[in-house]
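In the numbering used here, the protein residues as written are 2 to 190.
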């Protein structure tokens with residue numbers, strides 16, 4: 002986590018104020034899954050719910066400290082009104098999209114299973130739609146050509162969407178080939 006805090010500090014010092022800078026914080030359930038392993042965490046919800054509760058409480062504490070460390074929280078809070086800047090939930094969230102839009106978020110980041118071509122009609126004008134190139138099949142496992150092709154496909158599908166921001170559907174793996182990241186950036190220009 003320290004590397005993320007260091008990057009945010011460097012961005013705040015070196016980039017002009019006009020450039021928006023955002024931190025990144027995962028939710029407590031995601032952290033428990035990363036700490037325990039997703040399968041073990043899911044089984045523990047049945048076999049040892051007290052352990053899961055303790056892990057969630059621990060995760061909330063860690064995440065809160067981490068979020069505050071990324072920014073001068075007092076200055077940031079003066080600029081926002083308790084609305085999430087970006088709301089992301091992994092997986093197929095079609096049944097949740099309406100409620101996600103009602104949170105007051107200004108940016109909705111949706112994962113790979115979501116069909117942006119259909120969704121763009123449902124997203125209110127004041128909300129940007131972010132996503133959703135597959136971070137595993139395309140970015141990690143795909144070829145440079147496949148990355149460019151899929152990126153161009155999504156851009157074509159979304160060309161008439163006013164508030165579209167090209168991104169991956171979720172985090173990319175550390176092992177993602179740099180040439181695939183370069184191909185994504187090049188195709189996205």
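Note that CB positions come from ideal geometry on N, CA and C, so glycine has one too.
Using the Cα positions of residue i and residue j, report the straight-line distance between them to the nearest angstrom.
| i | j | result |
| --- | --- | --- |
| residue 57 | residue 29 | 6 Å |
| residue 52 | residue 42 | 9 Å |
| residue 153 | residue 31 | 31 Å |
In the structure shown, what three-state DSSP assignment does residue i receive?
| i | result |
| --- | --- |
| residue 189 | helix |
| residue 27 | coil |
| residue 130 | strand |
| residue 94 | coil |
| residue 166 | strand |
| residue 16 | coil |
| residue 88 | strand |
Just to confirm, is the Cβ distance from residue i to residue j under 7 Å?
| i | j | result |
| --- | --- | --- |
| residue 106 | residue 133 | no |
| residue 171 | residue 136 | yes |
| residue 166 | residue 128 | no |
| residue 89 | residue 60 | no |
| residue 180 | residue 145 | yes |
Using 8 Å for Cβ pairs, my map puts residue i next to residue j. What's the rounded Cβ distance?
| i | j | result |
| --- | --- | --- |
| residue 26 | residue 68 | 5 Å |
| residue 148 | residue 117 | Their Cβ separation, rounded to whole angstroms, is 17 Å, which puts residue 148 and residue 117 out of contact at 8 Å. |
| residue 162 | residue 121 | 4 Å |
In chain order, what residues of the same chain lie with their CB nearer than 8 Å to the CB of residue i, ignoring the 5 residues before and after it?
| i | result |
| --- | --- |
| residue 182 | 140 and 173 |
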